[in-house]
Amino acid sequence: LAKTTQPISMDSYEGQEVNITCSHNNIATNDYITWYQQFPSQGPRFIIQGYKTKVTNEVASLFIPADRKSSTLSLPRVSLSDTAVYYCLVGDILTGGGNKLTFGTGTQLKVEL
Amino acid sequence: TAGITQAPTSQILAAGRSMTLRCTQDMRHNAMYWYRQDLGLGLRLIHYSNTAGTTGKGEVPDGYSVSRANTDDFPLTLASAVPSQTSVYFCASSEGQGAGEQFFGPGTRLTVL
Numbered sequence: 019l020a021k022t023t024q025p026i027s028m029d030s031y032e033g034q035e036v037n038i039t040c041s042h043n044n045i046a047t048n049d050y051i052t053w054y055q056q057f058p059s060q061g062p063r064f065i066i067q068g069y070k071t072k073v074t075n076e077v078a079s080l081f082i083p084a085d086r087k088s089s090t091l092s093l094p095r096v097s098l099s100d101t102a103v104y105y106c107l108v109g110d111i112l113t114g115g116g117n118k119l120t121f122g123t124g125t126q127l128k129v130e131l
Numbered sequence: 306t307a308g309i310t311q312a313p314t315s316q317i318l319a320a321g322r323s324m325t326l327r328c329t330q331d332m333r334h335n336a337m338y339w340y341r342q343d344l345g346l347g348l349r350l351i352h353y354s355n356t357a358g359t360t361g362k363g364e365v366p367d368g369y370s371v372s373r374a375n376t377d378d379f380p381l382t383l384a385s386a387v388p389s390q391t392s393v394y395f396c397a398s399s400e401g402q403g404a405g406e407q408f409f410g411p412g413t414r415l416t417v418l
């Protein structure tokens, strides 16, 4: 099972770009990388998912280098409302991996004025 | 659509008593999951079900049981509650069995005294 390592916490200011890096050295060939966001007293919410290179949606970008041993979630111009815990997960999205996902403790992002 | 609903929102339970946490989804998803979230430990998988009629054990299954009689419902039962089961419980579902996007419910806060 691919395990992930990410920083425990990060601080930023409104308007800045935030990059959260996740290490997953033993990622398997069929594994995808997925990021979730969790606000206090709510369940996690899917942000973005990718396999290689770059994926972008209306919320974030996900950068994955060629060796796929790490990935970076990029949040452009954060606001106070982006203060949350961010989880990086890896798993096989096709053949059975939902029960093997490890959320871990995530990265607590705090955005200040 | 409601997505995933959980009941109750919160509960205080005497040790030794039994309780069932309810989870219902209206997305016709095949897979469902139960997680517990404790401060400093992140989300940990208790039990899962890849499809109606099947269940499996997650990372921390002891003291809990589940059933999946139909697609929509996935109740979690504590047969004899202990204080260490004090936690926030999240139910989630995903369309397939893989590590694709999981949709989470609002959670149940359980306190066992």
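Which chain is which? The protein sequence lines are V and R, in order.
Residues in the first sequence are numbered consecutively from 19, following my numbering.
Residues in the second sequence are numbered consecutively from 306, following my numbering.
C-beta atoms are modelled at their ideal positions from N, C-alpha and C, and glycine is treated no differently.
Suppose contacts are defined by Cβ-Cβ distances below 9 Å. Is residue i in contact with residue j by that definition?
i                      : j                      : result
residue 350 of chain R : residue 394 of chain R : no
residue 41 of chain V  : residue 88 of chain V  : yes
residue 400 of chain R : residue 320 of chain R : no
residue 340 of chain R : residue 397 of chain R : yes
residue 71 of chain V  : residue 106 of chain V : no
residue 354 of chain R : residue 371 of chain R : yes
residue 345 of chain R : residue 121 of chain V : no
residue 108 of chain V : residue 55 of chain V  : no
residue 419 of chain R : residue 386 of chain R : Only positions 306 to 418 of chain R appear in this structure, which leaves residue 419 of chain R out of reach.
residue 342 of chain R : residue 416 of chain R : no
residue 391 of chain R : residue 334 of chain R : no
residue 414 of chain R : residue 329 of chain R : no
residue 48 of chain V  : residue 112 of chain V : yes
residue 127 of chain V : residue 30 of chain V  : yes
Looking at the secondary structure, which residues open and close the beta strand (DSSP E) in which residue i lies?
i                      : result
residue 12 of chain V  : The question about residue 12 of chain V has no answer here: the residues shown for chain V are numbered 19 through 131.
residue 88 of chain V  : 88-93
residue 34 of chain V  : Where residue 34 of chain V is concerned, there is no enclosing beta strand (DSSP E), given that its DSSP letter is neither H nor E.
residue 107 of chain V : 102-110
residue 316 of chain R : 315-318
residue 57 of chain V  : No beta strand (DSSP E) contains residue 57 of chain V, which DSSP labels as neither H nor E.
In chain V, which residues lie with their C-beta within 8 Å of the C-beta of residue i?
i                      : result
residue 404 of chain R : 49, 50, 52, 107, 108, 109, 110, 111, 115, 116, 118, 119
How would you list, in chain order, the residues of chain V whose beta-carbon sits under 9 Å from the beta-carbon of residue i?
i                      : result
residue 411 of chain R : 59, 60, 61
residue 316 of chain R : Correct list: empty, because the minimum Cβ distance to chain V is about 15 Å.
Give the interface partners of residue i over in chain R, defined as CB-CB distance under 8 Å, in chain order.
i                      : result
residue 123 of chain V : 345, 346, 347
residue 24 of chain V  : The premise fails here: residue 24 of chain V is roughly 11 Å from chain R at the closest Cβ pair, so nothing lies under 8 Å.
residue 67 of chain V  : 405, 406
residue 64 of chain V  : 406, 407, 408
What residues of chain V sit near residue i, judged by a beta carbon separation below 7 Å?
i                      : result
residue 422 of chain R : No answer is possible for residue 422 of chain R: the residues shown for chain R start at 306 and end at 418.
residue 350 of chain R : 117
residue 395 of chain R : 61
residue 363 of chain R : 117
Using a Cβ-based criterion (distance less than 8 Å to any ligand heavy atom), does residue i qualify as near the ligand FMN?
i                     : result
residue 49 of chain V : Because no ligand of any kind appears in the structure shown, any question about the ligand FMN cannot be addressed here.
Output the distance between the C-alpha atoms of residue i and residue j, rounded to the nearest integer angstrom.
i                      : j                      : result
residue 311 of chain R : residue 331 of chain R : 12 Å
residue 77 of chain V  : residue 63 of chain V  : 12 Å
residue 124 of chain V : residue 117 of chain V : 18 Å
residue 338 of chain R : residue 411 of chain R : 13 Å
residue 308 of chain R : residue 406 of chain R : 13 Å
residue 130 of chain V : residue 358 of chain R : 48 Å
residue 86 of chain V  : residue 418 of chain R : 46 Å
residue 366 of chain R : residue 356 of chain R : 18 Å
residue 79 of chain V  : residue 50 of chain V  : 15 Å
residue 81 of chain V  : residue 69 of chain V  : 9 Å
residue 352 of chain R : residue 402 of chain R : 14 Å
residue 368 of chain R : residue 57 of chain V  : 28 Å
residue 23 of chain V  : residue 83 of chain V  : 16 Å
residue 409 of chain R : residue 66 of chain V  : 15 Å
Could you list which residues in chain R have their beta carbon closer than 7 Å to that of residue i, in chain order?
i                      : result
residue 126 of chain V : Going along chain R, no residue has its Cβ under 7 Å from residue 126 of chain V, so there is no contact; the nearest lies around 11 Å.
Would you call the region 354-364 of chain R and the region 381-395 of chain R touching, i.e. three or more CB-CB distances under 8 Å?
-> no
Could you tell me whether the region 27-45 of chain V touches the region 76-94 of chain V, where touching means 3 or more Cβ pairs closer than 8 Å?
-> yes
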